[in-house]
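Participant:
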Amino acid sequence: MAAKALPGYAPPVRKREHSLHRHELDGLLDGITAEGRKKEVITPHANPWHCQAALAITQAAFCCGSVYLKSSLQQAEASSGVIFHPIIYAFLREAIAAPIMIAIAWFTSGMLPRRSDLIRVALLGFCLYLNQLFYIMGIDLSGVVVATCMQPTIPVFTAMLAVMLQQETGSWQKFGGIGLAVGGSMCMVLGGGSGPQSADSGHRMLMGNMCLLANTLAMSIYYLLAKQLVSKYPAMCIAAWAYLMAALCMGTTAAVTVERTGWEMPSELVGPLVYWVFVCSVIGYYVVTWATQHLPASQVASFQCLQPFLGTLLAFMVLGEHPSWWDLGAIGILAGLGLVANDGSKALGPKASDAPSSTSAQKHMRRAGSKALLARPSPVPEEDRSYV
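FYI, full-length UniProt numbering numbers position 148 of the sequence shown as 148, with every residue one higher than the one before it.
The following block contains the structure:
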């Protein structure tokens, strides 16, 4: 016969472990992390050949823009006798393109960079600033042929930096290709300062080649930094933020180095400016960043090799420029690129610090949800109650 409970006496309850069913915990955590999943960037799948075709067209557009700009500069100098400073042109290009890209990025995604990514975004924009500054100065000093022949160093520099940063594994084939490409680029750079031309012309060519070498190195760093951000943000957002930072840097450089009288732009440069803003900046850098989401950074950079052939052909047909013997250093660049591109070593996976922050946020919310659920008192079944 069961014993009756005494009046005013609460029966003791046997302690029970807070064991949670898996489906109960998953249901709660799904609700907690639902908001975090909504903010994740979902990148639609794209066929590799679509990205490759878009990159090829973009590089061809860059070559056409270089020849268009160079011919317009020559026409402006011949008609008015005024030498337009290339830094002003680069600043106007970025100052017009940046607001357009920012508006497109805001209306399509409405995203802003996270505080933890601000330094990386600033470095990305600074590399874009250096790339465009040195490229337009190199075209003005050395010409389109040399400028386009230097572009194949970009994928080689990209592979070299990726190995140094432990993003890719190294091999003797890759190191040999890097050595060939660096030797070829140095041949082209140093060769610009020699020859039968005057000392002033040789110094001008040497400075232009050094600018072009710095241009390729900055673009390589841009590819590596963009690769670390494309898993978190849409391509247009990354390109727009980079352009905004580049415009600020270019405006500061123009204000410090160029006199007020040099800010007047000849009418002959209006057409090239419109072309570079919409074709090379808004569309071109969006395509490059978008392709980086689906292809390895070294493969995206390898499409720079189209520029020597297209640029030399267009410069010969339109500008009357002719390659010199020193430009045969491009053979070493292309040979080195072939070794690097055909290297069998695989790229290393991304570091934990480079993973999307939404993943770490979800883990944090899961831990918090688990603690909250465990701390919540659970009802005690009737069979677990014992009475005196």
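Backbone N, C-alpha and C define an ideal beta-carbon position, used for all residues, glycine too.
Which ranges would you report for the alpha helix (DSSP H) in the UniProt domain "EamA" (207-339) if only whole runs of at least 4 residues count?
Facilitator: Fully enclosed alpha helix (DSSP H) runs of 4 or longer: 235-257, 270-275, 284-294, 297-302, 306-314.
Participant: Taking the beta carbon of P86 as the centre, do at least 16 other beta carbons fall within 10 Å, making it buried, or is it exposed?
Facilitator: In the sequence shown, counting from the first residue as 1, residue 86 sits at position 86. Result: buried.
Participant: Below 8 Å between beta carbons: does that hold for C280 and G143?
Facilitator: For the purposes of this step, residue 280 is taken as residue 280 along the sequence shown, with counting starting at 1. For the purposes of this step, residue 143 is taken as residue 143 along the sequence shown, with counting starting at 1. No.
Participant: Using 10 angstroms around the beta-carbon of F107, count the other beta-carbons present and answer buried if the total reaches 16, otherwise exposed.
Facilitator: Along the sequence shown, read from residue 1 onward, the residue named residue 107 stands at position 107. Exposed, because fewer than 16 other Cβ atoms sit within 10 Å of the Cβ of F107.
Participant: Who are the near neighbours of G262 in its chain, counting only those whose CB is closer than 8 Å to its CB and skipping five residues on each side?
Facilitator: Along the sequence shown, one-based indexing puts residue 262 at 262. Same-chain partners within the cutoff: F84, H85, I88.
Participant: Mind checking whether T58 and I154 have CB atoms under 8 Å apart?
Facilitator: For this step, residue 58 is matched to residue 58 along the sequence shown. For this step, residue 154 is matched to residue 154 along the sequence shown. In this structure, I154 does not lie closer than 8 Å to T58 by Cβ.
Participant: P266 and A103: beta carbons closer than 8 Å?
Facilitator: To locate residue 266, count along the sequence shown from 1; it is residue 266. To locate residue 103, count along the sequence shown from 1; it is residue 103. Result no, Cβ atoms of P266 and A103 do not sit closer than 8 Å.
Participant: Which value, in whole angstroms, describes the spacing of the CA atoms of G125 and V277?
Facilitator: Counted from its first residue, the sequence shown places residue 125 at position 125. Counted from its first residue, the sequence shown places residue 277 at position 277. The straight-line gap from Cα to Cα measures roughly 16 Å.
Participant: For W241, which option in T252, G208, H203, V282 has the closest C-alpha, if you only look at C-alpha atoms?
Facilitator: The residue you call residue 241 lines up with position 241 of the sequence shown. Nearest C-alpha to W241: V282.
Participant: Where does I238 land, buried or exposed, given buried means 16+ other C-beta within 10 angstroms?
Facilitator: Start at 1 with the first residue of the sequence shown, and residue 238 comes out as number 238. So I238 ends up on the buried side.
Participant: Is the separation between the beta-carbon of L339 and that of L180 shorter than 8 Å?
Facilitator: To locate residue 339, count along the sequence shown from 1; it is residue 339. To locate residue 180, count along the sequence shown from 1; it is residue 180. Taking 8 Å as the Cβ cut-off, L339 and L180 qualify as a contacting pair.
Participant: Can you tell me whether T153 sits near the ligand SAM, meaning its C-beta is under 7 Å from at least one heavy atom of the ligand?
Facilitator: For the structure depicted, the ligand SAM is absent and the ligand set is empty, with no information on it obtainable.
Participant: Only counting the same chain, and skipping five residues up and downstream in sequence, which positions put a Cβ closer than 8 Å to that of G138?
Facilitator: Numbered from its first residue, the sequence shown carries residue 138 at position 138. For G138, where only same-chain residues beyond five positions count, the Cβ hits under 8 Å are V146, A147, M150, G208, N209, C211, L212, N215.
Participant: Distance, Cα to Cα, V287 vs M101?
Facilitator: Within the sequence shown, residue 287 is the residue found at index 287, counting from 1. Within the sequence shown, residue 101 is the residue found at index 101, counting from 1. So the alpha carbons of these two residues sit roughly 13 Å apart.
Participant: Give me the Cα-Cα distance between G202 and W325, rounded to the nearest whole angstrom.
Facilitator: Against the sequence shown, residue 202 aligns to sequence position 202. Against the sequence shown, residue 325 aligns to sequence position 325. Computed Cα separation, rounded: 15 Å.
Participant: From the DSSP output, in three-state form, read off M137 for me.
Facilitator: Translated into the one-based positions of the sequence shown, residue 137 becomes position 137. Three-state DSSP puts M137 in a helix.
Participant: Would you decide whether R115 is buried or exposed? Buried here means 16 or more other CB atoms lie within 10 Å of its CB.
Facilitator: By one-based count along the sequence shown, residue 115 stands at place 115. That one is exposed.
Participant: Is it true that the region 248-263 meets the region 295-305, where meeting means three or more beta-carbon pairs spaced less than 8 Å apart?
Facilitator: The answer is no - the region 295-305 does not touch the region 248-263, with fewer than three Cβ pairs under 8 Å.
Participant: Taking the straight line between their C-alpha atoms, what separation do you get for T292 and T158?
Facilitator: Within the sequence shown, residue 292 is the residue found at index 292, counting from 1. Within the sequence shown, residue 158 is the residue found at index 158, counting from 1. The alpha-carbon atoms of T292 and T158 are separated by roughly 13 Å.
Participant: In angstroms, rounded to a whole number, what distance separates the CA positions of V258 and E264?
Facilitator: Here the question's residue 258 lines up with position 258 in the sequence shown. Here the question's residue 264 lines up with position 264 in the sequence shown. Each residue's Cα considered, the two are about 11 Å apart.
Participant: For G284 versus F134, is the C-beta spacing smaller than 8 Å?
Facilitator: Here residue 284 is taken as the residue at index 284 of the sequence shown, counted from 1. Here residue 134 is taken as the residue at index 134 of the sequence shown, counted from 1. Going by C-beta atoms, G284 is not nearer than 8 Å to F134.
Participant: Quick one: what does DSSP say N131 is sitting in, helix, strand or coil?
Facilitator: On the sequence shown, position 131 is the one that residue 131 refers to. If DSSP states are grouped into helix, strand and coil, N131 belongs with the helices.
Participant: According to the neighbour-count rule (16 or more other Cβ atoms, all chains shown, within 10 Å of its Cβ), is L112 buried or exposed?
Facilitator: Stepping through the sequence shown from its first residue, residue 112 is reached at position 112. Exposed: under 16 other Cβ atoms inside 10 Å.
Participant: If contacts are defined as beta-carbon pairs under 8 Å, then V318 and S71 qualify, I think. What distance do you get, rounded to the angstrom?
Facilitator: In the sequence shown, residue 318 corresponds to position 318, counting from 1. In the sequence shown, residue 71 corresponds to position 71, counting from 1. With 8 Å as the limit, V318 and S71 qualify as a contact, their Cβ atoms being about 6 Å apart.
Participant: Measure the beta-carbon distance from A90 to I136 and round it to whole angstroms, keeping in mind my assumption that it falls under 8 Å.
Facilitator: Numbered from its first residue, the sequence shown carries residue 90 at position 90. Numbered from its first residue, the sequence shown carries residue 136 at position 136. The pair is a contact, with the Cβ atoms about 5 Å apart (cut-off 8 Å).
Participant: Which first and last residues belong to the alpha helix (DSSP H) in which M111 is found?
Facilitator: In the sequence shown, counting from the first residue as 1, residue 111 sits at position 111. Neither: M111 is in no alpha helix (DSSP H) and is coded neither H nor E.
Participant: Determine whether the beta carbon atoms of G177 and V156 lie at a separation below 8 Å.
Facilitator: Here residue 177 is taken as the residue at index 177 of the sequence shown, counted from 1. Here residue 156 is taken as the residue at index 156 of the sequence shown, counted from 1. Contact flag set, yes.
Participant: Can the beta-carbon of M205 be found closer than 8 Å to that of L141?
Facilitator: Walking along the sequence shown from the start, residue 205 turns up at place 205. Walking along the sequence shown from the start, residue 141 turns up at place 141. Going by C-beta atoms, M205 is nearer than 8 Å to L141.
Participant: Got a sec? Which residues, its chain only, sit under 6 Å from S298 by beta carbon, not counting five neighbours each side?
Facilitator: In the sequence shown, residue 298 corresponds to position 298, counting from 1. Answer for S298: P155, T158, A159, listed in chain order.
Participant: Decide if W290 is buried, meaning its Cβ has at least 16 other Cβ atoms within 10 Å, or exposed.
Facilitator: For the purposes of this step, residue 290 is taken as residue 290 along the sequence shown, with counting starting at 1. W290 comes out buried.
Participant: Skipping 5 residues on each side, what residues in its chain have a beta carbon closer than 7 Å to that of V300?
Facilitator: Position 300 of the sequence shown, counted from the first residue, corresponds to residue 300. Excluding positions up to five away in sequence, the list reads L55, Y223, V288, A291, T292.
Participant: Can you give me the C-alpha to C-alpha distance between G320 and G184, rounded to a whole angstrom?
Facilitator: As a position in the sequence shown, residue 320 is number 320, starting the count at 1. As a position in the sequence shown, residue 184 is number 184, starting the count at 1. Going from the Cα of G320 to the Cα of G184 covers about 24 Å.
Participant: In angstroms with no decimal places, state the Cα-to-Cα distance between A226 and C51.
Facilitator: Position 226 of the sequence shown, counted from the start, is the residue given in the question as residue 226. Position 51 of the sequence shown, counted from the start, is the residue given in the question as residue 51. Going from the Cα of A226 to the Cα of C51 covers about 16 Å.
Participant: Using the beta-carbon count (16 or more within 10 Å), is L128 buried or exposed?
Facilitator: As a first step, residue 128 is located in the sequence shown; it is residue number 128 there, counting from the start. Buried, because 16 or more other Cβ atoms sit within 10 Å of the Cβ of L128.
Participant: Which residues bound the alpha helix (DSSP H) around P48?
Facilitator: Reading the sequence shown from its first residue, position 48 is the one you call residue 48. Counting along the chain, the alpha helix (DSSP H) containing P48 begins and ends at 48-80.
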